[in-house]
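Protein chains: 4
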Amino acid sequence: MFDDLSSRVEEHSTDSLRDRIWRVIFLSNTRSGKAFDIILLWLIGISVFVVMLESVPTLQEAHRKLFNRLEWMFTILFTVEYIVRIWVVRSKKSYLFSFFGVVDLLSLIPTYLTIFVAGPQYLLVVRVLRLLRVFRVLKMARHIGEANMLMNAFRASFAKITVFLFLVLAVTLILGTMMYLVEGVVANNPGFSSIPQSLYWGIVTISTVGYGDVTPITVAGKVISTIIILIGYGTIAVPTGIVTAELNMNMAKIHPDKRKCKECGHIGHDTKARYCKMCSTEL
Amino acid sequence: MFDDLSSRVEEHSTDSLRDRIWRVIFLSNTRSGKAFDIILLWLIGISVFVVMLESVPTLQEAHRKLFNRLEWMFTILFTVEYIVRIWVVRSKKSYLFSFFGVVDLLSLIPTYLTIFVAGPQYLLVVRVLRLLRVFRVLKMARHIGEANMLMNAFRASFAKITVFLFLVLAVTLILGTMMYLVEGVVANNPGFSSIPQSLYWGIVTISTVGYGDVTPITVAGKVISTIIILIGYGTIAVPTGIVTAELNMNMAKIHPDKRKCKECGHIGHDTKARYCKMCSTEL
Amino acid sequence: MFDDLSSRVEEHSTDSLRDRIWRVIFLSNTRSGKAFDIILLWLIGISVFVVMLESVPTLQEAHRKLFNRLEWMFTILFTVEYIVRIWVVRSKKSYLFSFFGVVDLLSLIPTYLTIFVAGPQYLLVVRVLRLLRVFRVLKMARHIGEANMLMNAFRASFAKITVFLFLVLAVTLILGTMMYLVEGVVANNPGFSSIPQSLYWGIVTISTVGYGDVTPITVAGKVISTIIILIGYGTIAVPTGIVTAELNMNMAKIHPDKRKCKECGHIGHDTKARYCKMCSTEL
Amino acid sequence: MFDDLSSRVEEHSTDSLRDRIWRVIFLSNTRSGKAFDIILLWLIGISVFVVMLESVPTLQEAHRKLFNRLEWMFTILFTVEYIVRIWVVRSKKSYLFSFFGVVDLLSLIPTYLTIFVAGPQYLLVVRVLRLLRVFRVLKMARHIGEANMLMNAFRASFAKITVFLFLVLAVTLILGTMMYLVEGVVANNPGFSSIPQSLYWGIVTISTVGYGDVTPITVAGKVISTIIILIGYGTIAVPTGIVTAELNMNMAKIHPDKRKCKECGHIGHDTKARYCKMCSTEL
Chain A
1 MFDDLSSRVE
11 EHSTDSLRDR
21 IWRVIFLSNT
31 RSGKAFDIIL
41 LWLIGISVFV
51 VMLESVPTLQ
61 EAHRKLFNRL
71 EWMFTILFTV
81 EYIVRIWVVR
91 SKKSYLFSFF
101 GVVDLLSLIP
111 TYLTIFVAGP
121 QYLLVVRVLR
131 LLRVFRVLKM
141 ARHIGEANML
151 MNAFRASFAK
161 ITVFLFLVLA
171 VTLILGTMMY
181 LVEGVVANNP
191 GFSSIPQSLY
201 WGIVTISTVG
211 YGDVTPITVA
221 GKVISTIIIL
231 IGYGTIAVPT
241 GIVTAELNMN
251 MAKIHPDKRK
261 CKECGHIGHD
271 TKARYCKMCS
281 TEL
Chain B
1 MFDDLSSRVE
11 EHSTDSLRDR
21 IWRVIFLSNT
31 RSGKAFDIIL
41 LWLIGISVFV
51 VMLESVPTLQ
61 EAHRKLFNRL
71 EWMFTILFTV
81 EYIVRIWVVR
91 SKKSYLFSFF
101 GVVDLLSLIP
111 TYLTIFVAGP
121 QYLLVVRVLR
131 LLRVFRVLKM
141 ARHIGEANML
151 MNAFRASFAK
161 ITVFLFLVLA
171 VTLILGTMMY
181 LVEGVVANNP
191 GFSSIPQSLY
201 WGIVTISTVG
211 YGDVTPITVA
221 GKVISTIIIL
231 IGYGTIAVPT
241 GIVTAELNMN
251 MAKIHPDKRK
261 CKECGHIGHD
271 TKARYCKMCS
281 TEL
Chain C
1 MFDDLSSRVE
11 EHSTDSLRDR
21 IWRVIFLSNT
31 RSGKAFDIIL
41 LWLIGISVFV
51 VMLESVPTLQ
61 EAHRKLFNRL
71 EWMFTILFTV
81 EYIVRIWVVR
91 SKKSYLFSFF
101 GVVDLLSLIP
111 TYLTIFVAGP
121 QYLLVVRVLR
131 LLRVFRVLKM
141 ARHIGEANML
151 MNAFRASFAK
161 ITVFLFLVLA
171 VTLILGTMMY
181 LVEGVVANNP
191 GFSSIPQSLY
201 WGIVTISTVG
211 YGDVTPITVA
221 GKVISTIIIL
231 IGYGTIAVPT
241 GIVTAELNMN
251 MAKIHPDKRK
261 CKECGHIGHD
271 TKARYCKMCS
281 TEL
Chain D
1 MFDDLSSRVE
11 EHSTDSLRDR
21 IWRVIFLSNT
31 RSGKAFDIIL
41 LWLIGISVFV
51 VMLESVPTLQ
61 EAHRKLFNRL
71 EWMFTILFTV
81 EYIVRIWVVR
91 SKKSYLFSFF
101 GVVDLLSLIP
111 TYLTIFVAGP
121 QYLLVVRVLR
131 LLRVFRVLKM
141 ARHIGEANML
151 MNAFRASFAK
161 ITVFLFLVLA
171 VTLILGTMMY
181 LVEGVVANNP
191 GFSSIPQSLY
201 WGIVTISTVG
211 YGDVTPITVA
221 GKVISTIIIL
231 IGYGTIAVPT
241 GIVTAELNMN
251 MAKIHPDKRK
261 CKECGHIGHD
271 TKARYCKMCS
281 TEL
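Chains as they are written, first to last, in my numbering: chain A, 1 to 283; chain B, 1 to 283; chain C, 1 to 283; chain D, 1 to 283.
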């Protein structure tokens, strides 16, 4: 998602118009490339903001025509950009099915759908994902490093967190059913009128969100609530612990020893090592 | 709970029908074993979902008969499976009293109880615990590793978290009693009508759930609330810290290299290292 | 609080009645000492539970006399125990002003006060602190280790967390005042009728408790809420990070290398060390 | 913000009145300097407290004149202090534009503005930031160390947390729009009457604040809520993980021993060690 651009620079190194446009659109290390990216980001940001404002009833009534025109203006601009992107890129398939390729398309479709039905224009907020390109512009290299590290830590801890969430959901479902019996069936509390409803309450509670739209009214219900809260309080630590442990390991790896063995070329020695661990040459 | 299966493979290595069924039911590294597991998991998942839907009043009225038939169908299927499990397993006692043995039984009983009394069918959600078998199927080895690591970290931090929860509950009880005196006795706030009620509020607050069904109304009550919130805010860190520290230690221990340099005695080489990084001796 | 008992064993090693009672009351490694502790803990637990039940209006009306008698029974028992404790202990002053000495006294006074005024019996919940003695009984050594480690980590991170809480409170006060101006003065939201009130809301919000008894109603108020929530979301990490880092350091120290240098007697070598770092003798 | 004072001591080392006043006001290691700081901190604390009390309607009506006088008294005192500070400091510009220079000015202006318009006196709470000087007085060196470490960890993790918050906000905006369509447009839930409103709900939910002023009422809305809650529950770990990993690294770095063994090159000796623990060579 972030690191595949630089590797494709070589393919587009000729001086044809197509390659020059490619460099402006896809790279941001040249002056014109950076200018293009910044203008694009502003346009995306404004277009998302317009969609948000359009949904406010008072504003929409007052400026319906203006919103409509802006929306079409942005959509046409972005459509042109999308077509140019497809034209200039060599490996069209890999762009079209890349993360940003799909997002670029999805952020155009809703407006065209409004010709046939009302409503989908709000789906344009998907454009907000296009803003993730912002990391390419601002202090690019560094932020990509940060983002990649976060992603690595996420990927590594995903399996563990999934296992954990499954356990939590199983416990929540069982305690939620007890609440349904105690509060819903016996005490007729409307917030616990079914097991799915109790499960909703259980998740809201165990995650410490605690809306308060559904709360226990019986003594037994409050005791079970207390138990589920204490479980949540004791276990919210687990995802944190997982991510922290992963990040700890990833950050330790960030400033590795850059020394390269003169003999066998091995990189990745310990900071304290004096001899290559692969071929015993002094470093 | 997870690691006792492989050790029992040898006992069942003959080619009798009983042992072949055992391998299908209890293992998941063969094709038929995996297929059995996946079908079973789907059946369990659907049966839990049916129990959840059955509790929704509108659905239950409309499809009472259908739900009843499905419930009996699943129960009979699972009863047959339970009996076959007992038949094929050698050490019947260790299965019957294992975690999954007890859960398998508990997820059958409620339906049979409905012959005598109404209501217990909702207890069938205990079947959700049978789904924990899912980890045996999907990328088995890896997920078991994850789950085992989580369990080890849990076990190691259990004593510490218990000590901590006890301290938190003691503080909550004392501050809750003060709230009872200030809000319940003096200001007649119905949410603080007794000490157990105040304790419920205290736990909801200190865990940062904060339903809002019980809130202070006096100035003194709000000051005490603020104190209890700040205590909760400062101490929610503790279970997290405990689990994280345990996980950190567990993850570091996963693959330590035990080789010791014959020359300088250094321990802590990389798994791939061929020469001591301190004195260049071959390992 | 936990580790000063063993050091006083020697003083009480004669065989007089006084010293024998001392060993029963203050130690728990003998059979009678353990029995005494367990009975005492049960009595304390029940007496706290009685105080809690007494505060429930319906129960109190029905069993006023019973509660009164139980309360006096427990108080007289604990008074006798307190007097005996003072009698048998050698360093009376250090007991009287120790943590448990003060708690033991405080858990007697309220009942005697009820002779003159009504109400203070609820302060008897302070007895719950006496239950902290439980750690002396159950798997004593280990739990004390856990508790001491938690206390050390707490003590070490106290200064840092205080600095942090002060910063958070300063930010909350400033944003709370802005909410008072925006919501209270301009929009007449009764929940923000004064700055202290807004500060209460700010603390409830930034700690992610979020009762919902006070919520913004204006657009500007919701924007400021969003800012304060994002600050809280981004900074709740800090106490956790502090405690985790401390615990990490404390746990690393728990299993130190026990080897003692034959030459200079130094203890505290690294696990990997081969030579004493103080006198160069081989370990 | 904290460490630039000591470096300027030399400039002001003459014995003129101006330099003597500078030492009293800007340093706190002399007796008079400490006394000045403590008196100033008390005055600031009281003046902030007065501003808070003034905002309580009942108190303000009863003591309007008193509050007004106190406010002017404090403001005149602080104005004099501000002028003296400018007079005695050598590098006036670096003081005026330093953090405390700006805060000192901002905490005077509101009172003078009240001559022209009513209301701004509440902005005086900005004075609370002046209290940050407290760390210069109480156990100065140590607390500054703590504060600096927290700031370093913050600075290092700021970029990462920003990236993370941006991702969370993007997800919240997209799910919030779905809630707007499901709850606001279809079910007419007034809490989801526009996308900005839904975004407010999304942030309140994903941060686990959960006021409960806006809650879903449809089944689809509750399902989306559950998804956003589980995302929040799984990701609240991330800022914590980032800060913890940074703090871990900062704390480990506090006192590393830089000595390298002449014989075997081992680095990482204890500060107290006299001989290399790997090869017994004297360090």
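Glycine residues also receive a C-beta, built at the ideal position from the N, C-alpha and C atoms.
Burial state of residue i (16 or more Cβ within 10 Å)
i	result
B/E183	buried
B/T125	Correcting the residue type first, residue 125 of chain B is Val in the shown sequence and not Thr. Its Cβ being crowded by 16 or more others within 10 Å, B/V125 is buried.
D/V117	exposed
C/I195	buried
C/F36	buried
D/T215	buried
C/A62	exposed
A/L77	exposed
B/R85	buried
B/D15	exposed
D/K93	exposed
B/I44	buried
Presumed contact (8 Å Cβ cut-off) between residue i and residue j, rounded CB distance
i	j	result
A/S107	A/R127	4 Å
D/T244	A/T244	5 Å
A/N248	D/N248	6 Å
C/L175	D/L165	That pair is no contact at about 17 Å.
D/E81	D/T111	D/E81 to D/T111, Cβ: 14 Å. No contact.
A/I203	D/T172	Contact flag wrong, Cβ pair sits at about 17 Å.
A/G210	B/Y211	5 Å
Residues near residue i in its chain [Cβ-Cβ closer than 7 Å; skip 5 each side]
i	result
C/I242	S157, K160, I161
A/V168	I206, T235
C/E246	A153, A156, S157
B/W22	H12, V88, V89
B/I46	none
A/T75	L108, T111
A/Y122	V51, S55
D/P120	P110, L113, T114
Cβ shell of residue i (< 6 Å), same chain only, five flanking positions each side left out
i	result
D/E54	Q60, F67
B/R90	E11
A/R18	V88
A/V219	none
C/T79	L108
C/V51	L124, V125
D/V238	F164
A/S193	G184
C/Y180	F192, I195, S198
Residues near residue i by beta carbon distance below 8 Å, same chain, minus five either side
i	result
A/M178	I224
C/V48	L124, V125, R127, V128, L131
C/Y95	R85, I86, V89, G101
Segments of 4+ residues assigned as alpha helix (DSSP H) that fall wholly inside the stretch 184-216 of chain B:
195-206
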